[in-house]
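See below for the structure under consideration.
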Ligand SMILES: *Cc1c(COP(=O)(O)O)cnc(C)c1O
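Numbering (the numbering used here), first residue to last: 2 to 389.
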């Protein structure tokens, strides 16, 4: 166990790691800190070989104290697939797809929720609640079932059918809300005191981020400790972008990678692009997006508590932010399907559309190595398609 404390990146206040925490009193998300010198002494890159093919292979960089509390369904260590036919079609030298569809409930939300539910078990929490735009709800429900926790999921009433159905099959309580994810979040916040729920909203607790961080660790390991030039990521609440960046910093501190970093690209949907707008306007925080609408339900996040951290990552990495249309996403789902045999979700397809645009505009050089994400399985979005 290498955790030292939990720290606020904004006001630097610290919290002990053995007690449940949510946001800092100043309103900022909190981050888990490790004794990386000690990790460096105890663990080498070679030490990973032969370990479990899940995200728990990075045990020393995760906040759980006792392995007996680990709640796992086999999440993480997803394939990194070289996409040569898609690369050829796009006109780029090297393209990898990190296929997060192959997680237990079909999305990368499993990474964060495996960690968070394990921590709940360790910290003695037995009632949890989450607002979800789609995949987080199913993931929370699955891990809570395994850990015998009482789980409550709040979703917009027009959330994809697959997401609503899976929550109920895993035995969680589903509440449909006439509104969007931040309205669901408000309901959780209002009721959690009376109900005794631990609030697992995106970045309102520090544990899910540690699970998402492992995407960065895996990318480094799978590319033999050489990061790609560009990473394109479909951004909602921001855990992936912020988590990967934290992971890269930790890897550098333990001496497994150097100081080079990918340029981080945030993709959003034309119908909900608060981070893109703030990035373009040079602002440190994002204004809430009104009337958010997109088929990429995971990107329908009009307002994020960690907006400032996402914007920092994009700027620090010399990255960029752009939005794409739902029609572009739908067209890319078919292209990737036909060229690579992968059934992308719209959020994943947004990364392909973004790559196409950035190549056309010359922001990405055709000689660069690029990594894109398929964040969930296309099978969760069958409502988008007609037969025939
Ligand atoms: C949640 C989600 C996202 C956004 O992820 P963040 O890391 O919270 O920004 C993207 N794609 C899918 C499929 C999602 O479920």
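Think of the CB as a built atom: it goes at the ideal place given N, C-alpha and C, for glycine as much as any other residue.
Going by the CB atoms, is the gap between residue 93 and residue 367 shorter than 9 Å?
Inclusion of residue 367 and residue 93 in the CB contact set at 9 Å is warranted, their separation being smaller than that value.
Proximity to residue 391 [Cα-Cα], best of 70, 47, 85 and 245
Residue 391 is absent from the model: the chain starts at 2 and stops at 389.
Rounded straight-line distance, which links the Cα of residue 318 to that of residue 200:
Distance between the alpha carbons of residue 200 and residue 318 is about 31 Å.
Backbone CA spacing between residue 289 and residue 309 [nearest angstrom]
The straight-line gap from Cα to Cα measures roughly 13 Å.
Start-to-end residues for the beta strand (DSSP E) that takes in residue 5
For residue 5, the enclosing beta strand (DSSP E) begins and ends at 4-8.
So, residue 268 versus residue 377, is the Cβ gap smaller than 9 Å?
Result no, Cβ atoms of residue 268 and residue 377 do not sit closer than 9 Å.
Is the segment 201-214 in contact with the segment 117-132, if contact means three or more CB pairs nearer than 8 Å?
Enough Cβ pairs lie closer than 8 Å, so yes.
Less than 8 Å separating the Cβ of residue 231 from some heavy atom of ligand 1?
Answer for residue 231: no, Cβ out of range of ligand 1.
DSSP state of residue 249 mapped onto helix, strand, coil
Correct three-state label for residue 249: helix.
heavy atom of ligand 1 below 8 Å from residue 242 C-beta
It does: the Cβ of residue 242 is within 8 Å (strictly closer) of some heavy atom of ligand 1.
With C-beta atoms as the reference, is residue 295 less than 9 Å away from residue 273?
If you check the CB distance, residue 295 and residue 273 come in under 9 Å.
Which of helix, strand or coil does DSSP assign to residue 213?
Three-state DSSP puts residue 213 in a helix.
Below 8 Å on the Cβ atoms is my contact criterion, and I expect residue 54 with residue 16 to pass it. Report the Cβ-Cβ distance as a whole number of Å.
In fact, because the Cβ distance is near 33 Å, the residues do not count as touching under 8 Å.
Backbone CA spacing between residue 82 and residue 386 [nearest angstrom]
Going by C-alpha positions, residue 82 is about 25 Å away from residue 386.
Pairs of beta-carbons, one from the segment 62-74 and one from the segment 324-343, closer than 8 Å: are there three or more?
Not touching, per the Cβ criterion.
Give the straight-line distance between the Cα atoms of residue 42 and residue 228, rounded to the nearest whole angstrom.
Straight-line Cα distance between these residues: approximately 23 Å.
Can you tell me the Cα-Cα spacing of residue 184 and residue 334, whole angstroms?
Straight-line spacing of the CA atoms in residue 184 and residue 334 works out to 30 Å.
Just to confirm the assignment, what range does the alpha helix (DSSP H) spanning residue 40 have?
Secondary structure note for residue 40: its alpha helix (DSSP H) is the uninterrupted segment 37-43.
Using a Cβ-based criterion (distance less than 8 Å to any ligand heavy atom), does residue 272 qualify as near ligand 1?
No - ligand 1 has no heavy atom lying nearer than 8 Å to the Cβ of residue 272.
Select from 336, 306, 297 and 303 the residue whose C-alpha is nearest the C-alpha of residue 326.
Of the listed residues, the one whose Cα sits closest to residue 326 is 297.
Give every residue of the same chain whose Cβ lies closer than 8 Å to the Cβ of residue 27, excluding the five residues on either side of it in the sequence, and list them in chain order.
The beta carbon of residue 27 lies closer than 8 Å to those of 9, 11, 12 and 14 in the same chain, with the five residues before and after it left out.
Can we say the segment 141-152 touches the segment 162-181, given the rule of at least three CB pairs closer than 8 Å?
Touching, yes, given that three or more Cβ pairs across the two stretches are closer than 8 Å.
Burial state of residue 155 (16 or more Cβ within 10 Å)
It is buried - the Cβ of residue 155 has at least 16 other Cβ atoms within 10 Å.
Where does residue 1 sit, in a helix, a strand or coil, going by DSSP?
The requested residue 1 does not occur in the structure, where the chain is confined to residues 2 to 389.
Would you call residue 195 buried or exposed, if buried means 16 or more other Cβ atoms sit within 10 Å of its Cβ?
Counting other Cβ atoms within 10 Å of its Cβ, residue 195 stays below 16 and is therefore classed as exposed.
What do you reckon, is the C-beta of residue 349 under 8 Å from a heavy atom of ligand 1?
Answer for residue 349: yes, Cβ within range of ligand 1.
Is residue 131 helix, strand or coil by DSSP?
Strand.
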